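S.K.:
2 protein chains.
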Amino acid sequence: MSLIVMKFGGSSVGDAERMKRVAGRIAEVSAQGHKCVVVVSAMGDTTDDLIDLSKQICTITPPAREMDMLLTTGEQVSVALLSMAIQSLGQKAVSFTGWQAGMYTEAVHGKARITDIQPERVLKALDAGNVVIVAGFQGMTEEGEITTLGRGGSDTTAVALAAAIQADVCEIFTDVDGVYSTDPRVVKVARKLNEISYDEMLELANLGAAVLHPRAVEYAKNYNVPLVVRSSFNHNPGTNVKEEAAMEQGIVVRGIAYDKNVARISILGVEEKPGQLAKVFTALAKEQIDVDIIVQSGTRDGQADFSFTVSLGDKEKALQVIEGIRGAVGFREVTSEENLVKVSIVGAGMVSTPGVAAKMFEVISDLGISINMVSTSEIKTSCVIDNNRLNEVVQALHTAYGLDTDKAAFVGGPSERR
Amino acid sequence: MSLIVMKFGGSSVGDAERMKRVAGRIAEVSAQGHKCVVVVSAMGDTTDDLIDLSKQICTITPPAREMDMLLTTGEQVSVALLSMAIQSLGQKAVSFTGWQAGMYTEAVHGKARITDIQPERVLKALDAGNVVIVAGFQGMTEEGEITTLGRGGSDTTAVALAAAIQADVCEIFTDVDGVYSTDPRVVKVARKLNEISYDEMLELANLGAAVLHPRAVEYAKNYNVPLVVRSSFNHNPGTNVKEEAAMEQGIVVRGIAYDKNVARISILGVEEKPGQLAKVFTALAKEQIDVDIIVQSGTRDGQADFSFTVSLGDKEKALQVIEGIRGAVGFREVTSEENLVKVSIVGAGMVSTPGVAAKMFEVISDLGISINMVSTSEIKTSCVIDNNRLNEVVQALHTAYGLDTDKAAFVGGPSERR
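Read top to bottom, the protein sequences are chains A and B.
Residue numbering for the first sequence follows numbering that gives the first Met the number 0, beginning at 0 and increasing consecutively.
Residue numbering for the second sequence follows numbering that gives the first Met the number 0, beginning at 0 and increasing consecutively.
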């Protein structure tokens with residue numbers, strides 16, 4: 000008998016029929032004698048519908064606190080209905096909101112981090128023979144304010160809860176069969192991975208592979224929670240995410256990711272004095288803006304240029320922040336750019352294999368495409384390029400690193416990120 | 000500067016435009032320097048839509064706990080959006096769920112009673128200059144379970160909160176101009192009442208006048224909360240509900256109510272021994288079934304017949320309860336009847352004016368309609384009749400008691416009960 004955390008995303012419970020199918024699957028696992036905790040997202044388009052509604056009503060920037068109040072209803076609807084569906088199959092079940100399940104977060108709205116989990120109520124309900132259904136994506140501050148964990152938050156809820164109750168495994172159910180070597184919608188012959196390490200998954204997740212949220216992977220790595228990414232539509236084995244994953248013979252790059260959610264901001268003519276970079280990035284961090292790649296070019300006449308990337312949604316805010324510190328920093332101008340994409344190759348074997356990054360640059364330049372920015376780590380190399388020839392680049396890299404399989408991969412709908 | 004509780008029902012916030020109009024009205028009151036606490040119901044058909052969804056998924060009797068979990072999301076959406084709408088007008092606002100506002104209830108799902116209110120958080124937010132928006136209809140048990148107060152619950156939330164924070168007035172905004180002498184959709188010349196006493200309102204509310212929920216009126220009476228029922232669509236003065244209300248010259252009956260939500264259950268051939276009635280009604284009370292009129296007919300051969308009314312929704316459950324105590328009570332058969340209506344005349348002056356009830360019986364019998372059951376109190380008389388000639392009866396009574404005005408009353412849509 001195992002203790003299993005199962006997470007179902009919004010498209011897995013997109014309508015009444017899918018909800019019932021998910022309930023059937025849970026009841027099946029429960030009937031095998033396993034204890035089940037289920038984390039579920041809002042149904043299908045619920046979140047987007049609520050956002051649309053708020054746009055009709057709110058003529059200012061939506062207050063983040065009230066957005067959290069609004070959006071958390073989506074998961075609450077899901078847990079109540081899923082509990083009913085499971086009970087309809089004769090299995091005891093009980094649903095909890097985030098705060099009821101003891102998910103405490105920091106006092107930030109829109110993308111709070113989990114600070115503590117007090118799972119007593121969940122454990123008690125499990126001991127009473129219930130399937131326990133917990134609303135993903137949400138928590139509560141110590142002051143009793145409702146918060147959300149941001150996009151991908153349900154994955155994080157599932158993994159964090161799995162760690163807190165020391166579950167044997169955390170299964171992330173999604174609409175694809177597992178983690179692929181790249182997006183099967185772009186490369187038909189993408190291969191499904193049987194195993195991947197936390198670190199590799201973290202890079203892939205961070206780099207826009209939508210199947211699993213990076214924060215969730217980080218959590219899983221920190222608490223050593225065994226993860227499985229698998230399909231909610233079939234019983235195929237999925238991809239195991241764990242500490243050490245075996246590499247196939249002759250393959251160094253595990254996968255290729257891309258991220259279209261990229262904006263580049265350049266600050267030109269920055270007066271050169273110590274602490275300038277720190278000022279900029281401290282100001283951005285204060286506003287909860289995540290900066291990804293940072294590139295500083297050479298100095299000229301005591302002035303430097305530098306560029307960095309942020310997510311598209313943060314672009315305007317980032318530009319405002321920078322305008323706000325113009326006096327403190329001193330620079331000539333700020334420019335920004337969209338229509339970019341970040342393409343990355345990821346593999347734990349890269350560090351011990353020379354020339355892997357060089358091959359990437361070669362493949363891209365052979366296509367006549369220029370590389371705008373580069374960033375590397377021990378297990379990945381990323382290039383920011385114009386987004387108009389993305390598919391070509393991904394396909395060429397997939398072939399170059401020996402990742403193509405014989406047969407076309409299963410191609411599902413867009414993956415769930417919440 | 001007053002402290003005002005304003006309650007808006009579901010049709011007042013039925014869509015984005017109405018929500019914005021309500022926000023405008025609140026901002027207006029707030030700009031006059033008043034402190035405002037706003038209680039709001041779920042938008043328009045939200046509750047019904049959620050119930051429909053649950054029916055698609057739940058193949059058993061929906062578990063009441065999960066229904067509460069499901070339905071309370073409706074009000075949570077409303078408070079978040081209303082807060083955004085008010086903030087869009089430049090007024091500070093903050094929304095609270097029932098549990099955040101400190102609404103504690105007994106541990107019953109579907110129709111819990113408020114046991115305690117801890118309004119510290121509401122008061123603190125008011126002091127900080129916010130309009131405070133509270134989700135109606137919902138509360139929390141001491142164990143942290145989410146509960147609902149049942150139909151009409153938002154009225155109760157408003158009045159109970161007004162009592163707890165010692166508000167100067169509790170304004171119930173609805174889609175009609177106030178409390179009418181009867182349903183203006185049935186009697187075109189119904190008159191809007193300027194004043195009505197708690198007791199009269201309680202009878203009218205209990206008797207199916209949908210404008211204000213009886214539990215809310217009871218609460219208002221017990222804590223002496225001044226109530227105003229008024230339109231959310233205009234600035235007309237509405238109806239004041241208070242301890243002592245002046246009667247117009249020559250008018251004894253304040254209003255005429257009817258209730259179609261009536262089922263009659265008859266238990267025939269009950270063995271006559273002490274405590275039989277107690278057994279039946281204790282068993283019904285245990286299942287939270289409210290019994291209204293009870294009539295016991297004479298005894299024959301040591302056996303008695305008796306009848307009582309329950310709401311239509313409770314009929315099946317009541318029949319089950321009675322079958323369950325067949326052994327303990329001993330009776331010949333149980334029958335039930337629908338298609339009934341209870342018509343009532345209400346007025347504080349009735350007790351000191353002879354012949355008021357007699358006139359009612361006369362008016363009904365003059366129409367050739369038989370009366371099935373009768374019930375009286377100091378300030379009301381009710382008759383249960385077949386429902387097919389309801390409108391005629393109400394009109395005739397309205398005229399007979401001198402309630403007709405010269406001009407047709409404003410006729411709005413169906414009133415809100417939640």
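Backbone N, C-alpha and C fix where the C-beta goes; we use that ideal spot for every residue, glycine too.
In this text the structure is predicted, and so the values were computed from the model without any measurement.
Identify the contact partners of residue 87 of chain B in chain D, using a Cβ-Cβ distance below 7 angstroms as the criterion.
M.R.: In the displayed structure, chain D is absent; the protein chains listed are A and B.
S.K.: May I ask you to check if the CB of residue 13 of chain A is nearer than 7 angstroms to at least one heavy atom of the ligand ATP?
M.R.: Among the components of this structure there are no ligands whatsoever, and the ligand ATP is therefore not found.
S.K.: State buried or exposed for residue 413 of chain A, treating a residue as buried only when at least 16 other CB atoms are found within 10 Å of its CB.
M.R.: Its pLDDT being 44, under 50, residue 413 of chain A is placed unreliably by the model, and the measurement read from it follows with that caveat. Exposed, because fewer than 16 other Cβ atoms sit within 10 Å of the Cβ of residue 413 of chain A.
S.K.: Within the same chain, show all residues whose beta-carbon is closer than 7 angstroms to that of residue 356 of chain A, passing over the 5 residues directly before and after it, in chain order.
M.R.: Contacts found: 375, 380.
S.K.: Answer with yes or no whether the minimum CB distance from residue 46 of chain B to chain A is below 8 angstroms.
M.R.: No, no contact with chain A.
S.K.: Looking at the C-beta of residue 105 of chain B, does it have a partner C-beta in chain A at a distance below 8 angstroms?
M.R.: Closer than 8 angstroms: no.
S.K.: Identify the contact partners of residue 19 of chain A in chain B, using a Cβ-Cβ distance below 8 angstroms as the criterion.
M.R.: Simply 56.
S.K.: Is the beta carbon of residue 443 of chain A sitting closer than 8 angstroms to the one on residue 76 of chain B?
M.R.: Chain A is shown only over 0 to 417; residue 443 of chain A falls outside these bounds and no answer can be derived.
S.K.: Starting from residue 83 of chain A, find everything on chain B with Cβ-Cβ shorter than 7 angstroms and list it in chain order.
M.R.: Going along chain B in sequence order, the residues near residue 83 of chain A (Cβ under 7 angstroms) are 53, 56, 57, 61, 62, 65.
S.K.: Give, in chain order, every residue of the segment 147–177 of chain B whose Cβ lies closer than 9 angstroms to some Cβ of chain A.
M.R.: Listed in sequence order: no entries.
S.K.: May I have the straight-line CA-CA distance separating residue 74 of chain A from residue 282 of chain A, to the nearest angstrom?
M.R.: Going by the C-alpha atoms only, they are around 33 angstroms apart.
S.K.: Is there a C-beta anywhere in chain A that falls below 8 angstroms from the one on residue 122 of chain B?
M.R.: Answer no: the Cβ-Cβ gap between residue 122 of chain B and chain A never drops below 8 angstroms.
S.K.: Quick one: list the residues of chain B neighbouring residue 143 of chain A, beta-carbon separation under 7 angstroms, in chain order.
M.R.: Under the 7 angstroms cutoff, chain B gives 99.
S.K.: Would you say residue 29 of chain B lies against chain A (beta-carbon separation less than 8 angstroms)?
M.R.: No, its Cβ sits nowhere closer than 8 angstroms to a Cβ of chain A.
S.K.: Going by other Cβ atoms of all chains shown within 10 Å of its Cβ, with 16 needed for buried, is residue 369 of chain B buried or exposed?
M.R.: Its Cβ having fewer than 16 others within 10 Å, residue 369 of chain B is exposed.
S.K.: How about the segment 389–407 of chain A and the segment 133–140 of chain B: do they share at least three Cβ pairs that are nearer than 8 angstroms?
M.R.: The answer is no - the segment 133–140 of chain B does not touch the segment 389–407 of chain A, with fewer than three Cβ pairs under 8 angstroms.
S.K.: Quickly, what does DSSP pair residue 240 of chain B with across the bridge? List them, please.
M.R.: Note: residue 240 of chain B sits in a beta bridge opposite B:195, B:226.
S.K.: Are the segment 182–201 of chain A and the segment 150–167 of chain A touching by the rule of at least three beta carbon pairs closer than 8 angstroms?
M.R.: Because the criterion of three Cβ pairs below 8 angstroms is not met, the segment 182–201 of chain A and the segment 150–167 of chain A do not touch.
S.K.: Cα separation between residue 68 of chain A and residue 146 of chain A?
M.R.: Distance between the alpha carbons of residue 68 of chain A and residue 146 of chain A: 7 angstroms.
S.K.: Considering only residues of the segment 246–325 of chain A, which uninterrupted alpha helix (DSSP H) runs meet the minimum length of 4 residues and lie entirely inside it, listed in chain order?
M.R.: Correct list: 275–285, 314–323.
S.K.: Output, in chain order, the set of chain B residues within a Cβ distance shorter than 9 angstroms of residue 76 of chain A.
M.R.: Here the neighbours are 49, 52, 68, 69, 72.
S.K.: Since residue 172 of chain B sits in a beta bridge, which residues does DSSP pair it with?
M.R.: Beta-bridge pairing links residue 172 of chain B to B:7, B:229.
S.K.: Look at the Cβ atom of residue 2 of chain A, then the Cβ atom of residue 167 of chain A, and state whether they are nearer than 8 angstroms.
M.R.: For residue 2 of chain A and residue 167 of chain A, yes; Cβs fall inside 8 angstroms.
S.K.: Residue 308 of chain B and residue 342 of chain B: beta carbons closer than 8 angstroms?
M.R.: No. Outside cutoff.
S.K.: Measuring CA to CA, which of A:385, A:131, A:351 is closest to residue 367 of chain A?
M.R.: The residue with the shortest Cα to Cα distance from residue 367 of chain A is A:385.
S.K.: Let me check one thing: in DSSP terms, what residues is residue 138 of chain B bridge-paired to?
M.R.: According to DSSP, residue 138 of chain B bridges with B:146.
S.K.: Please return the same chain residues whose Cβ sits closer than 8 angstroms to the Cβ of residue 86 of chain A, not counting the five positions on each side in sequence.
M.R.: Same-chain partners within the cutoff: 92.
S.K.: Would you list the one or two residues that DSSP bridges to residue 385 of chain B?
M.R.: Looking at the DSSP assignment, residue 385 of chain B forms a beta bridge with B:339.
S.K.: Let me see if you follow: with CB-CB separation under 8 angstroms, is residue 402 of chain A close to chain B or not?
M.R.: Cβ-Cβ to chain B under 8 angstroms: no for residue 402 of chain A.
S.K.: With respect to the alpha helix (DSSP H) encompassing residue 72 of chain A, which residues constitute its N-terminal and C-terminal limits?
M.R.: Counting along the chain, the alpha helix (DSSP H) containing residue 72 of chain A begins and ends at 63–87.
S.K.: Buried or exposed for residue 175 of chain B, going by 16 or more other Cβ atoms inside 10 Å?
M.R.: Buried, since its Cβ has 16 or more Cβ neighbours within 10 Å.
S.K.: From A:5, A:14, A:10, pick the residue whose C-alpha is nearest to that of residue 24 of chain A; which is it?
M.R.: Minimum Cα distance to residue 24 of chain A is reached at A:5.
S.K.: Express the C-alpha separation of residue 111 of chain B and residue 234 of chain B in angstroms, rounding to a whole number.
M.R.: Distance between the alpha carbons of residue 234 of chain B and residue 111 of chain B is about 34 angstroms.
S.K.: Residue 52 of chain B and residue 70 of chain B: beta carbons closer than 8 angstroms?
M.R.: Their beta carbons are not under 8 angstroms apart, which means residue 52 of chain B does not touch residue 70 of chain B by this criterion.
S.K.: May I ask you to list the residues that DSSP assigns as paired with residue 332 of chain A?
M.R.: Paired residue(s): A:267.
S.K.: Exposed or buried, residue 304 of chain B, counting other C-beta atoms within 10 Å across all chains shown (16 or more means buried)?
M.R.: So residue 304 of chain B counts as buried.
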